[in-house]
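Protein chains in written order, with the numbering used here: chain A, 4 to 264; chain B, 4 to 264; chain C, 101 to 459; chain D, 101 to 459.
Encoded as structure tokens, the structure appears first; notes follow it.
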Amino acid sequence: MTLETRLRDRRDAGRKLLMPYVTGGITPTWVDYLRAFADAGADAIEVGLPFSDPTLDGVTIQQATDAALARGATARDILGDISGLEHDVPLVASTYYNLVVHDGPERFCAALRDAGVTGLIVPDLPLDEAGDLEDAAASAGIDLVLLASPATPQPRLDEIARRSRGFIYAVSLMGTTGERSVVAESATTLASRIKRSTERPVMVGFGISTPEHAVEAARSADGVIVGAAVMRRVLDGAIPHDVGADLARMRRALDQERDRR
Amino acid sequence: MTLETRLRDRRDAGRKLLMPYVTGGITPTWVDYLRAFADAGADAIEVGLPFSDPTLDGVTIQQATDAALARGATARDILGDISGLEHDVPLVASTYYNLVVHDGPERFCAALRDAGVTGLIVPDLPLDEAGDLEDAAASAGIDLVLLASPATPQPRLDEIARRSRGFIYAVSLMGTTGERSVVAESATTLASRIKRSTERPVMVGFGISTPEHAVEAARSADGVIVGAAVMRRVLDGAIPHDVGADLARMRRALDQERDRR
Amino acid sequence: REVEEAFREAWVDPGFRGSLARLLAVHIGRPTPLTPVRRLSAELGINLLLKREDLAHTGSHKINNVTGQALLASRMGKTRLIAETGAGQHGVATATVAALLGLKATVFMGERDIERQALNVFRMRMLGAEVIPVGTGSRTLKDATSQAMRHWVGATEDSYYCVGSVIGPHPYPWMVRTFQRVIGDEARGQCASELSTGVPDYVVACVGGGSNAAGTFAGFVDTSARLVGVEAEGGAGAALGRAGVLHGARSLFLQDGHGQIVEAHSVAAGLDYPGVGPEHAYLRDLGRARYVTVTDDEAISALVRLARTEGIVPAIESAHAVAWVIRAAGAGELPSGATVLLTLSGRGDKDVSTLKEQL
Amino acid sequence: REVEEAFREAWVDPGFRGSLARLLAVHIGRPTPLTPVRRLSAELGINLLLKREDLAHTGSHKINNVTGQALLASRMGKTRLIAETGAGQHGVATATVAALLGLKATVFMGERDIERQALNVFRMRMLGAEVIPVGTGSRTLKDATSQAMRHWVGATEDSYYCVGSVIGPHPYPWMVRTFQRVIGDEARGQCASELSTGVPDYVVACVGGGSNAAGTFAGFVDTSARLVGVEAEGGAGAALGRAGVLHGARSLFLQDGHGQIVEAHSVAAGLDYPGVGPEHAYLRDLGRARYVTVTDDEAISALVRLARTEGIVPAIESAHAVAWVIRAAGAGELPSGATVLLTLSGRGDKDVSTLKEQL
């Protein structure tokens, strides 16, 4: 089943989607975080393949990336760790365009497929140059997720909605990833705009750090992505069980909100 | 009797002339050096009126000047010290042109005369501007001594020889005052050149520091001026008696040389 | 993109072009001279001419581009310039033109470069700019660029990102090259009147991101002149890099076997960038330009030699280009009597503390 | 005197004048621009124009004079230049042109100035010059000048004394003014095309020894422009000095009641000279030029203000002239709308360590 089918099914069943993020290779036993996320009720998990120059990430994910690279983490090792894993949650790789160019889109996507990954996010991929990677991803059965931001003009938003697979990644705030105290109004507006263009799931990311944020963002979107908030805990030494517990609270808040309505 | 008459008389009597230098006001009891010089057989004594920027002096006389000024020595005080003095040796003031301009030539020369000074040396006086000071000095009965150097062209040398009073100051080396290990050949040549132009006494200065230098320089000149060598001793703390003894040795060497010939 | 559209419009507007030309003339001091180098030429057996960007206001070619972009930012109604800087020359240029046009300036600079280029940091602050130290990664230009980009994405409303080299996303490499083309165009005209052959045999410039080289080459790409870009051995994106993507540009970058960008290492902060602008990748692939490298030591010797023979203390960056000419002339690679145009991208005052350590 | 004769001959020789003009154009970067200052002018209610000597090679007007004198020294067959320096700009200029013409250079500099101007000391040494510290007297320019003169008298055979300002014995004040006149002549022509009135209402320059002012004034002395020389309060030879003689020049000097020269005190090493050139004494006595003073604090504020409004960091020396314009405009002494030409004698990079202390 493709990532998109899986997410649509759940969304259509009335569930608000939850996708936590973890930087691959951040600790020797980092896959334990994947298991904890699955247990906490994640609908998909974003696995970061660390790149030396994470120009679109905030300070938390920069630190996580530096830590993973300092440990010697490589995309190959991280995919190796994943491929041995038993789980039922779709995995979405995220990385920067240079790693794709380095391997070439076909080889890169094949490696993802072989590891059981079903989605891919490349935040610095220019839409105008995305063709090759879209083709390679499609051939490998991988959904290439495209991003939209509040500054994206409507025609371009329509094109993104049309060409994105899996879901549409709505960047909630102009700026880089990180935890913020309130979810910007722009997130709600953006998610609504995208949803007017497409039937595909719309996930809001960047700046979701509490159950309240998640609930608020999920009002207009189909789900939320939680990155920096998770990684802050991981960097501070929280064990998988504890990070999983945080996520479970978010899961419950989203579910309660649905039940309340 | 003018300075020049005095020096000519002695020169014509076969004596080689000796003129030591002292920076006025270098110590509270600096006039004791004058007495010691007189006792040692000086034919004239050069008294420096210290100026803040002794651009034509070497490091020794710069230091002596700085020391005198730091003590608060002024031209007025120095002339005051002199005027009370009993002695039979002509005194020649030397200073920089700015002090003359500051008082005006008439006032300046009158003050010298009142203190009993009979000669004046102004090393930075440009020949082309010397007229006013020459007149003022003549009116005050003071001999204005002009300087010549090895670089002075012959026509100018002739003019200097004609206009100088007292004696002609032959700068032995191109450069500033100071002790040197040998007397430059240029000194001998220059003195001979000047003597061909004039009957006035010719004194060699700059770089005379030992009895041997004095004897050598006095072969072609009528006498020598000893500045830096004397002041080096004074700065090192030598008492008037000891500096006088040095000078007496130079006097004896000059006299012996005359007797030998 | 907003910037691209604004630039396209501005560039065909005689009013904009006129304002820019006037600022470059009355404020920046253009045209800069072309200096025939006599003594060093004689020693090397060639005919070396220097295009003197060191004489431009603020002491380097960076100001040409900044003047253009800052005028554009004003025209777009922006009130603040954001910039990254390596050696500090682009930062000083940005702070300068911001002051001139009444804009605010925020400059990101790696902590390591802040140490090396204290003079320029102070100059930027004197000019009223905010200098933000970047402590991530290699703490040099690459990281300052990342941080400036991050900051800008959150402030596009009132802020203009003033890129300092022919790097970054479209339209920057093209726009920066266009603004720096004044170097090559002026030099072309000056060579035409100075040289009997009209064009030099070689055109040489140092390459960090590559803006002075791109601007110089642009004036000669349609001539017979051989184009040579000189990189620092430790930052040789064009000579040793592989195809990749960084800071929005698809070009050549130093990478390890896993596609991670490798940190550059050069005594010249302005060459401490692991890649080059896309145009250099293109010129290399076409074979139209060659890219060569020199070591830190060669660059420093060349700096001292130029100072002692011609009375010009070049920036360490520019000294790399001089070093290659000296080496190539010595090795017979530059034939005797060859005419060589070299763009002296900046002056060496900023490098005094580095030189004190190295000499 | 040998120098005078050689200069008279050279100055009427089209070959010499041609070589000088070419060096100034291709090596030094002349003409320097005339910059209309928009933002500060608007704040002050006047029309201020800057003659940009800061853009000349080595960063100050000193190079104009040195280029002339060094060419003359070469023509005379001398192999070494001797110079004194205060702020170090004249020393750097001397070291620069010596390198360019293949001459040796020996530069005397007060120990206090060596501390204040470490950047320039290093530049001189990079350029191959010997820098000799002078520890006598106030350990500044006055003493360096004395020492340079002393040294020169013993070395006239092979050495040429390259005086840095309109001071010293004849023919130096006249010769230096003649070589610096290029500032005034260029500015006169630039004002003619820039100003509807043709000439500015005021012509302002800072005065240490007074060479940039003398060169600027020379271009306007026969016009209706009012000439204003701005001195440091602690080095106001023209404004507060009395007639005297120093370093072979009869002019105005700061003196005590006994005729001793008083030490100057200024944050600007280049203004730390207790006198001015004879021409300024003459212009003052004629009433053709006014001489005014500003304090260290006023100069530093003016420096920062010019940096922040126009993107130009002037030398502290030049900032004195800017300070007077700011004060005079504020006090209504400069009428509203007045056109003011100000010679910006140099750039402020050399002053960074001083500014760090003061700000």
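For every residue, glycine included, the Cβ atom is placed at its ideal position computed from N, Cα and C.
Neighbour-count burial assignment, residue i, 16 or more Cβ in a 10 Å radius
i, result
"P57(A)", "buried"
"G319(C)", "buried"
"K242(D)", "buried"
"P158(B)", "exposed"
"H244(B)", "exposed"
"L459(D)", "exposed"
"L386(C)", "exposed"
"L60(B)", "Position check: residue 60(B) holds Asp in this sequence, whereas Leu was assumed. D60(B) comes out buried."
"K450(C)", "buried"
Best match in the options for proximity to residue i [C-alpha to C-alpha]
i, options, result
"P153(A)", "S167(A), G208(A), A221(A) and A143(A)", "G208(A)"
"S265(C)", "V197(C), R384(C) and K162(C)", "K162(C)"
"V197(C)", "R212(C), R223(C) and G186(C)", "R223(C)"
"R350(D)", "Q217(D), H358(D), G357(D) and G337(D)", "G337(D)"
"R152(C)", "D451(C), L442(C) and L455(C)", "L442(C)"
"T201(A)", "L160(A), T192(A), H216(A) and A190(A)", "L160(A)"
"G298(C)", "T439(C), F116(C), V307(C) and G357(C)", "T439(C)"
"Q259(A)", "G240(A), G247(A), E219(A) and V237(A)", "E219(A)"
"T98(A)", "F208(C), L383(C), I412(C) and G359(C)", "G359(C)"
"R277(D)", "Y302(D), S311(D), V263(D) and G289(D)", "S311(D)"
"V246(B)", "R38(B), D15(B) and L10(B)", "R38(B)"
"S141(C)", "D451(C), L455(C), R447(C) and A428(C)", "A428(C)"
"T135(D)", "Y272(D), L144(D) and Q290(D)", "Q290(D)"
"A221(B)", "R235(B), A194(B) and A232(B)", "A194(B)"
"V413(C)", "S366(D), S445(D) and T158(D)", "T158(D)"
For residue i, three-class secondary structure by DSSP
i, result
"P269(D)", "coil"
"P233(D)", "strand"
"S366(C)", "coil"
"G115(D)", "helix"
"Y99(B)", "coil"
"R130(C)", "coil"
"M226(C)", "helix"
"L257(A)", "helix"
"R447(D)", "strand"
"G284(C)", "helix"
"K178(D)", "coil"
"V120(A)", "coil"
"V276(D)", "helix"
"D258(C)", "coil"
"E105(C)", "helix"
"A146(A)", "The question names Ala, but residue 146(A) is Asp in the sequence shown. DSSP places D146(A) in strand when its eight states are reduced to three."
"V207(C)", "strand"
"S86(B)", "helix"
"R152(D)", "strand"
Segments assigned alpha helix (DSSP H), at least 4 residues, entirely inside the segment 168–249 of chain B: List check, alpha helix (DSSP H) in window: 188–200, 214–223 and 231–238.
The segment 157–168 of chain C / the segment 117–137 of chain C touching (three or more Cβ pairs under 8 Å): Short answer: they touch.
Cβ pair count under 8 Å reaching 3, the segment 400–412 of chain D against the segment 237–252 of chain D: At 8 Å Cβ cutoff, the stretches do not touch.
Touch test, the segment 68–79 of chain A against the segment 126–133 of chain A, Cβ-Cβ under 8 Å, three pairs minimum: With a cut-off of 8 Å, the segment 126–133 of chain A and the segment 68–79 of chain A do not count as touching, because too few Cβ pairs lie within range.
Three CB pairs or more closer than 8 Å across the segment 13–31 of chain A and the segment 206–226 of chain A: Three or more Cβ pairs closer than 8 Å define a contact, and the segment 13–31 of chain A meets that threshold against the segment 206–226 of chain A.
Segments of 4+ residues assigned as alpha helix (DSSP H) that fall wholly inside the segment 342–421 of chain D: Secondary structure within the segment 342–421 of chain D: the alpha helix (DSSP H) runs of 4 or more consecutive residues, fully enclosed, are 378–386 and 396–410 (chain order).
Stretch pair the segment 175–189 of chain D + the segment 210–230 of chain D: three plus CB contacts closer than 8 Å: Flag = yes, the segment 175–189 of chain D and the segment 210–230 of chain D touch.
contact_flag[the segment 250–263 of chain C, the segment 412–420 of chain C] where n(CB pairs < 8 Å) is 3 or more: Three or more beta-carbon pairs separated by less than 8 Å are not found between the segment 250–263 of chain C and the segment 412–420 of chain C, which leaves the two stretches without contact.
Segments of 4+ residues assigned as alpha helix (DSSP H) that fall wholly inside the segment 320–344 of chain D: Entirely contained in the segment 320–344 of chain D, the alpha helix (DSSP H) runs reaching 4 residues are, in chain order, 337–340.
Entirely enclosed beta strand (DSSP E) segments - the segment 4–78 of chain B, minimum 3 residues: Counting only runs of 3 or more residues that sit fully inside the segment 4–78 of chain B, the beta strand (DSSP E) segments are 20–26 and 48–51, in chain order.
Touching by the beta-carbon criterion (3+ pairs, under 8 Å), the segment 138–154 of chain A and the segment 105–125 of chain A: Inter-segment contact for the segment 138–154 of chain A and the segment 105–125 of chain A is present: three or more beta-carbon pairs are separated by less than 8 Å.
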